[in-house]
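Novice:
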Amino acid sequence: MDETIVVSSIIDKLPPSLKEFKRTLKHKKEDITLDELANHLRVEEDCSIQENEKEQNA
Numbered sequence: 575m576d577e578t579i580v581v582s583s584i585i586d587k588l589p590p591s592l593k594e595f596k597r598t599l600k601h602k603k604e605d606i607t608l609d610e611l612a613n614h615l616r617v618e619e620d621c622s623i624q625e626n627e628k629e630q631n632a
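In the numbering used here, the protein residues as written are 575 to 632.
1. Beta-carbon separation of residue 608 and residue 577 under 8 Å?
2. Exposed or buried, what is residue 623 when buried is set at 16 or more other beta-carbons lying within 10 Å of its beta-carbon?
3. Can you tell me whether residue 585 is buried or exposed? The criterion is at least 16 other CB atoms within 10 Å of its CB, across all chains shown.
4. Need the endpoints of the alpha helix (DSSP H) that residue 588 sits in, please.
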């Protein structure tokens, strides 16, 4: 299966809480690889964890 289709399918299956993140990935001008998608997801997860920690400490 073409990697572009796999990446698109994974993005489509992300939870609704990542709506803005999904939109950003879908509207990139260049296709992204599975490795790039994994990196984007790790960064998004790290940011989400940091935001949750800040909210809990506030």
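We treat Cβ as the ideally placed atom computed from N, Cα and C, and that holds for glycine.
Specialist: To lay it out plainly:
1. Within the sequence shown, numbered from 1, the residue matching residue 608 stands at position 34. Within the sequence shown, numbered from 1, the residue matching residue 577 stands at position 3. Yes, the pair counts as a contact, with Cβ atoms nearer than the cut-off.
2. Your numbering for residue 623 matches position 49 in the sequence shown. Result: exposed.
3. Numbered from its first residue, the sequence shown carries residue 585 at position 11. Classification for residue 585: buried.
4. To locate residue 588, count along the sequence shown from 1; it is residue 14. Neither: residue 588 is in no alpha helix (DSSP H) and is coded neither H nor E.
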